[in-house]
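S.K.: Dropping the structure in here first, questions after.
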Amino acid sequence: MSDVYAKPTTDAEPADPAALAEYTTLRLGGPAARCVAATSADEIVHRVREAHRRDEPVLVLAGGSNVVVGDAGFPGTVVLIRSRGFAVVAEDADTVTVRVEAGEPWDDLVAATVGNGWSGLECLSGIPGSAGATPIQNVGAYGQEVAERITGVQVYDRAEDRLTTVVAADCGFAYRGSIFKYSDRWVVLSVDFRLDRSPVSGPVRYAELARSLGVEVGDRVPLAAARDMVLTLRAGKGMVLDPADPDTWSVGSFFTNPVLDRAAYDLLRERAADIGEPPSWPCPGDLVKVSAAWLIDKAGFAKGHPGPGGTAISGKHTLALTNHSGTARTADLIALAREIRDGVHTRFAVPLHPEPVLINCTL
Ligand SMILES: Cc1cc2nc3c(=O)[nH]c(=O)nc-3n(C[C@H](O)[C@H](O)[C@H](O)COP(=O)(O)OP(=O)(O)OC[C@H]3O[C@@H](n4cnc5c(N)ncnc54)[C@H](O)[C@@H]3O)c2cc1C
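Numbered by the numbering used here, the letters in the sequence shown go through residues 27 to 389 in order.
What follows is the structure, given as structure tokens:
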């Protein structure tokens with residue numbers, strides 16, 4: 027079992043109050059008043075309840091790969107999710123349902139499913155962080171989203187102080203969102219994924235992936251081939267964590283792809299008439315999703331664009347904002363994000379929204 031978290035903790039020992047920078051992939055964030063590790067679902071609940079009793083705010087943190095923590099840190103208890111493992115809880119001739127502990131490193135799970143001949147998560151290879159965080163923003167990449175596979179999420183409901191299961195239909199899954207995102211109410215303890223018993227992937231939906239695999243969109247490929255190609259493509263974009271590569275000291279995509287109504291989309295096309303057709307994908311409800319990376323690039327922010335304090339746009343991907351020097355402050359990264367957001371708005375009248383959760387800082 028790999029230890030993928032920015033700063034591994036041992037057993038159930040409370041970690042020292044520490045700069046949260048040590049626990050985030052951006053390597054940013056000030057100190058926490060208190061920081062405790064929880065290695066089982068029971069302990070996660072216990073730690074959260076304990077903080078409640080002390081009337082302290084709680085921040086649940088797992089891989090720290092989708093948070094921007096302010097320089098002032100967090101004035102309460104940070105509960106580090108470090109539970110591990112998964113088990114088959116249901117199966118039939120065609121499918122298996124696995125229940126995965128919240129702290130299980132996501133890519134370890136994906137590797138295991140591919141190894142076992144369980145299809146459904148292979149295109150989500152190489153995404154950092156924990157299994158328990160995947161429902162939070164309905165993690166997705168290369169044509170797959172966890173929402174397609176999650177059947178239920180076991181949670182501790184802080185509002186009602188009880189354990190319960192939120193079935194998939196009640197999770198409010200949307201593009202990079204769910205009822206869990208921006209809510210303090212739910213602590214995810216484990217997640218159920220239903221997967222197909224199949225040596226081949228689902229139909230490949232993502233054009234770049236299909237092209238790289240030498241197949242047509244809609245074709246299926248061996249699970250390991252899909253995983254290997256996704257890992258290769260991601261690595262080329264700095265989207266697999268690499269401690270030696272500052273282009274990966276990011277939260278992945280900093281901005282979501284904007285979803286526009288017709289009027290906003292027409293205005294964008296008008297503003298972009300001199301440079302070409304903006305890449306776009308139709309969405310239900312006569313909405314159009316457009317590429318944030320394209321907007322950022324065409325607004326004049328190229329790969330490698332430097333920001334204050336040693337921050338920079340990744341040299342490998344326009345959407346990843348990095349603490350490139352390793353010595354930046356959160357305020358520097360926020361300043362870079364504002365410059366980009368405002369530049370895109372001025373050029374194209376399209377608002378950009380951050381994908382990570384901002385803690386004690388605002389854009
Ligand atoms: C290089 C890189 C590439 C990435 N690529 C992708 C990608 O392709 N697609 C994609 O969707 N995302 C991507 N991400 C973002 C990120 O990896 C995912 O969102 C991941 O699921 C976050 O997991 P985490 O454990 O690090 O969550 P954290 O960053 O620790 O937490 C994120 C949010 O979830 C909450 N949270 C975490 N665990 C729990 C829990 N058990 N219960 C309740 N709340 C919880 C936290 O409070 C916080 O609000 C990428 C990030 C990086 C750094």
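For each residue, glycine too, the CB sits at the ideal point set by N, CA and C.
Quick test of your reading: Val142 and Gly203, contact by CB under 8 Å. State the CB separation rounded to the nearest angstrom.
M.R.: Residue identity check: residue 142 is Asn in the sequence provided, not Val. Contact flag wrong, Cβ pair sits at about 30 Å.
S.K.: Which partner residues does Leu135 have in the DSSP bridge list?
M.R.: None, per the DSSP bridge assignment.
S.K.: Hey, is Met265 close to ligand 1, as in C-beta under 8 Å from one of its heavy atoms?
M.R.: Under cutoff, so the answer is yes.
S.K.: To the nearest whole angstrom, what separates the beta carbons of Thr160 and Val172, a pair I think is in contact under 8 Å?
M.R.: Right, their Cβ atoms sit about 5 Å apart.
S.K.: Can you tell me which of the three DSSP states Ser306 falls into?
M.R.: Ser306: strand per DSSP, three-state reduction.
S.K.: Would you be able to state if there are at least three C-beta pairs under 8 Å between the region 353-360 and the region 326-335?
M.R.: Result yes; three or more Cβ-Cβ pairs closer than 8 Å.
S.K.: Measuring straight from C-alpha to C-alpha, what distance separates Asp287 and Ala363?
M.R.: Asp287 and Ala363: Cα-Cα distance of roughly 24 Å.
S.K.: Quick check on the DSSP output: the beta strand (DSSP E) that includes Gly102 runs from which residue to which?
M.R.: 100-107 is the span of the beta strand (DSSP E), which, as asked, contains Gly102.
S.K.: In terms of residues, what are the limits of the alpha helix (DSSP H) holding Lys324?
M.R.: First-last of the alpha helix (DSSP H) with Lys324: 318-324.
S.K.: At the level of alpha carbons, what is the spacing between Ala167 and Asp120?
M.R.: Spanning the two alpha carbons is a distance of roughly 24 Å.
S.K.: Helix, strand or coil: which one does DSSP assign to Leu85?
M.R.: Leu85 falls in the strand class under three-state DSSP.
S.K.: From which residue to which residue does the beta strand (DSSP E) around Ile176 run?
M.R.: Where Ile176 is concerned, the enclosing beta strand (DSSP E) stretches over 176-183.
S.K.: On the criterion of 16 or more Cβ atoms from any shown chain inside 10 Å, does Thr36 qualify as buried, or is it exposed?
M.R.: Only weak support exists for where Thr36 lies, its pLDDT of 43 falling under 50; the value from the coordinates is given anyway. Per the 10 Å Cβ criterion, exposed.
S.K.: According to DSSP, which residues form a beta bridge with Arg288?
M.R.: None; Arg288 has no bridge partner.
S.K.: Taking His72 as the reference, give the member of Ala47, Tyr182, Gly55 with the closest Cα.
M.R.: Per the Cα distances, Tyr182.
S.K.: Does the beta-carbon of Asp196 have 16 or more other beta-carbons within 10 angstroms, so that it is buried, or is it exposed?
M.R.: When all chains shown are included, Asp196 counts as exposed.
S.K.: Sorry if obvious, but does the Cβ on Phe199 come closer than 8 Å to a heavy atom of ligand 1?
M.R.: Answer for Phe199: no, Cβ out of range of ligand 1.
S.K.: Given a threshold of 16 other Cβ atoms within 10 Å of its Cβ, counted over all protein chains shown, does Val114 qualify as buried or as exposed?
M.R.: That one is exposed.
S.K.: Would you give the residue range spanned by the beta strand (DSSP E) that Thr191 belongs to?
M.R.: Segment 188-193, the beta strand (DSSP E) holding Thr191.
S.K.: If you count every other CB in all the chains shown that lies within 10 Å of the CB of Val243, and 16 or more means buried, which is it?
M.R.: Exposed.
S.K.: Need the endpoints of the beta strand (DSSP E) that Arg220 sits in, please.
M.R.: Looking at the DSSP string, the run of the beta strand (DSSP E) that includes Arg220 is 212-223.
S.K.: Measuring only from the beta carbon, is Arg202 closer than 8 Å to any heavy atom that is part of ligand 1?
M.R.: Arg202 Cβ: within cutoff of ligand 1.
S.K.: Entirely within the region 218-262 and at least 4 residues each: give me those alpha helix (DSSP H) ranges in chain order.
M.R.: Correct list: 233-239, 249-262.
S.K.: Kindly examine ligand 1 and report whether one of its heavy atoms sits closer than 8 Å to the Cβ of Ala167.
M.R.: Answer for Ala167: yes, Cβ within range of ligand 1.
S.K.: Grab me the residues of Ala58's own chain with a C-beta within less than 6 Å of its C-beta, minus the 5 sequence neighbours each way, in chain order.
M.R.: The residues are Pro43, Leu46, Gly99, Phe100, Val104.
S.K.: So is the beta-carbon of Asn92 under 8 Å away from any non-hydrogen atom of ligand 1?
M.R.: True, at least one ligand heavy atom lies under 8 Å from that Cβ.
S.K.: Ligand 1 heavy atoms versus the CB of Gln180: any closer than 8 Å?
M.R.: Every heavy atom of ligand 1 is 8 Å or more from the Cβ of Gln180, so no.
S.K.: Where are the beta strand (DSSP E) runs, 3 residues long or more, that stay fully inside the region 54-78, in chain order?
M.R.: As far as the region 54-78 is concerned, its whole beta strand (DSSP E) runs of at least 3 residues are 58-64.
S.K.: Compute every distance between the C-beta of Ala354 and the non-hydrogen atoms of ligand 1, then say whether any falls below 8 Å.
M.R.: Because no heavy atom of ligand 1 lies under 8 Å away, the Cβ of Ala354 does not count as near it: no.
S.K.: With distance defined between alpha-carbon atoms, name the residue in Gly96, Tyr232, Ile366, Val86 nearest to Lys329.
M.R.: The residue with the shortest Cα to Cα distance from Lys329 is Ile366.
S.K.: Does the Cβ of Ser238 lie closer than 8 Å to at least one heavy atom of ligand 2?
M.R.: Here the bound small molecules are ligand 1; ligand 2 is not part of this structure.
S.K.: Below 8 Å on the Cβ atoms is my guess for Ile385 versus Leu85; work out the distance and round it to an integer in Å.
M.R.: Contact flag correct, Cβ pair sits at about 6 Å.
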